[in-house]
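Letter by letter, the sequence shown follows residues 58 to 185 in our numbering. For glycine and all other residues, C-beta sits at the position ideal for the given N, C-alpha and C.
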Amino acid sequence: MNPADSLVPSVLEMRWDRIGLGVRCAYNPQGLGALHLYIQFGRRLSRQQPHNEDGIQRRTLAVLLQTAADEALPWPWRAACLEQTAWPLARLTSLWKGTPRHNAQTPAQLQARVQCVGEQLGLPSKVS
């Protein structure tokens, strides 16, 4: 395999990116199907590229959190995006369990960020 081939994104990855753009810009805020499709494609991509699952989950979480925090978008869409952060957050927590993290956020820091965005949306905070 040519080392340059690993730099070329797969068709699935390019489609996932396009769906992520639609999620981030709330192209169809009435249709939650795009949001579910984005999460589903991220899971499929993680299965195809297990060596890159950490990056995929971090990107998914970042898109969802940025969207949820964007005050220019409709509130229901932002709340739905915040709700979908559970899966990538759980996967990252599982992946990072017992692994020392250098120069990266911890699961507790990510959870705090999710709670902060939830408070910005006016949602009740969850007590763990």
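When secondary structure is reduced to three states using DSSP, L167 falls in the helix class. For D111, the enclosing alpha helix (DSSP H) starts and ends at 110-126. Taking a contact to require three or more Cβ pairs closer than 8 angstroms, the region 141-154 and the region 107-116 qualify as touching. S103 sits in a helix when the DSSP states are folded into three classes.
Setting aside the 5 residues that flank it on each side, W144 is surrounded in the same chain by I96, each with a C-beta closer than 7 angstroms to its C-beta; the list follows chain order. Straight through space, the alpha carbons of A136 and A91 are spaced by roughly 14 angstroms. Collapsing the DSSP output to three states places A83 in coil. Rounded to whole angstroms, the separation of the alpha carbons of V171 and Q141 is 11 angstroms. Looking only at P131, R81, L167, the smallest Cα-Cα distance to L121 is reached by R81. Here T142 carries a coil assignment [DSSP, helix/strand/coil].
The alpha-carbon separation between F98 and A125 amounts to approximately 19 angstroms. In the structure shown, P133 adopts helical secondary structure according to DSSP, grouped into three states. Pairing L102 with E70 gives a Cβ-Cβ distance under 9 angstroms.
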